[in-house]
Amino acid sequence: VVHPSYAQQKLWQESINELGMEVAQFSPLFERETKYAVPVNSQFFPDPLRLAGVIELVKTQGEDIEMIRIEGLTRLYKLYQHTFRNSLISKLGL
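Each residue of the sequence shown is one higher than the one before, counting from 13 in this note's numbering.
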């Protein structure tokens, strides 16, 4: 089960530009001049949901997009890798 946190994404200026959005309409994140908080209220679902899958987005130099679904216990490791301040997880006693 996945519990939602807040209705925003954190995007680099390059991503905002590539998506054709105006960076001036977003607030920069603390001490990160080129990373911004982008509200996603219209696509936010506030209730817990069953996790359907884990997909990692990786920046490359190529034009092609490839999506590889992560399977098995590798999913937990990927979530851990991308958890902000994952050093705090051990203090939860999980």
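We put the beta carbon where it would ideally sit given N, CA and C, even for glycine.
Query	Result
DSSP on Ile28, reduced to helix/strand/coil?	helix
Please list, in chain order, all residues of the same chain as Arg87 whose beta carbon is under 7 Å from its beta carbon, the five residues on each side excluded.	Val66
Is it true that the CB of His15 sits closer than 7 Å to the CB of Pro60?	yes
Using only the alpha-carbon positions, how far apart do Pro40 and Gln20 sit?	12 Å
Note down the Cα distance separating Ile77 from Leu31, rounded to an integer number of angstroms.	15 Å
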